[in-house]
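Numbering of the first sequence is given in the UniProt record's numbering, commencing with residue 1 and proceeding in unit increments.
Backbone N, C-alpha and C define an ideal beta-carbon position, used for all residues, glycine too.
Here is the structure we will look at.
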Amino acid sequence: MSASVSSSISALIDGLFEQYGPLIWWKGSTEEVMIGAILTQQTRWENVEVALSRLRQAGICSIRGIFAAPMEEIEALIRPTGFFRVKARRLQGLAAHVIREFGGVEGMRTVPTEDLRESLLSVKGVGEETADSILCYGLGRAVFVIDAYTERICWCAGIDAGRRELKGLFESVLPETADACRQSHAHFVEYAKGYCGKKRCDECWIRNFDG
DNA sequence: TTCCCGTTCT
DNA sequence: AGAACAGGAA
């Protein structure tokens, strides 16, 4: 946890902001963000939007809608996202948990972030990345989401740290607001999709980065 | 490590 | 036809 590591993180954040500027990802309701967070696991976002609109048309794109719907209906509607049998069960498990523990999404808003995170992690199908996405994008908490892209970029930048440590580093460097976390995370994903995914390592300013 | 699985791009 | 995709469980 040296100061140089923190400054490296800051330099990455600043460099990506210079490259992409203001970039806001998804203004959705809390409930749709929660559903989308499950559906997007190992799946392209474009396919998630298809599934979300199908759920909306069926009138079940909500916690209570998912909770009440037959498993087969959910499976059919979310089919475009892949892993539809597993994800349908994860969605109902999450909906049931929210209703049972908090009486609905509104009941979550007063719960401290760490408590809420632990609660979400107890749901089958909600791992750390999904839980943090829900907290940041769905509930407006100042939580930074570490995903495979972020981890890879940091590794290429010479920052030798695991996901746990990276999360703490980003949150200590960034302003303590959900918008700051959202925007920076979006930058990392955007960069990785543009360069890492297309293997443009020769054009990557982050590789062998030492700031 | 392997499985879950449809869609899109190569 | 093959790989890759906003992961997580067993």
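Within the same chain, 13, 16, 17, 144, 170, 174 come within 8 Å of residue 184 by CB-CB distance, once the 5 residues on both sides are set aside.
Taking C-beta atoms under 8 Å as the contact rule, residue 99 and residue 67 qualify, at a distance of about 6 Å. Taking a contact to require three or more Cβ pairs closer than 8 Å, the segment 130 to 137 and the segment 28 to 44 qualify as touching.
For residue 65, the CB contacts under 7 Å within the same chain, skipping 5 residues up- and downstream, are 59 in chain order.
Taking C-beta atoms under 8 Å as the contact rule, residue 23 and residue 157 fail to qualify, at a distance of about 20 Å. Bounds of the alpha helix (DSSP H) holding residue 149 are 148 to 156.
Under a 10 Å Cβ-count criterion, residue 85 is classified as exposed, with fewer than 16 other Cβ atoms of the shown protein chains found around its own Cβ. Every alpha helix (DSSP H) stretch that sits fully inside the segment 153 to 211 and reaches 4 residues is listed by chain position as 163 to 173, 178 to 194. Between residue 52 and residue 73, the C-beta gap is not smaller than 8 Å, which leaves the two residues out of contact. In this structure, the CA atom of residue 121 is about 17 Å from the CA atom of residue 109. Pairing residue 43 with residue 139 gives a Cβ-Cβ distance that is not under 8 Å. Around residue 178, the same chain offers 136, 140, 141, 142 as residues with beta carbons nearer than 7 Å, after the five sequence neighbours per side are excluded. Pairing residue 119 with residue 101, the inter-Cα distance amounts to about 9 Å. For residue 114 and residue 21, the gap between their C-alpha atoms comes out near 30 Å.
Around the beta carbon of residue 182, 16 or more other beta carbons sit within 10 angstroms, so the residue counts as buried. The continuous alpha helix (DSSP H) containing residue 56 extends over residues 45 to 57. Rounded to whole angstroms, the gap between the alpha carbons of residue 180 and residue 9 is 14 Å.
Nearest in C-alpha terms to residue 7, of all of 192, 154, 193, is 154. Straight-line measurement puts the Cα of residue 107 at about 40 Å from the Cα of residue 197.
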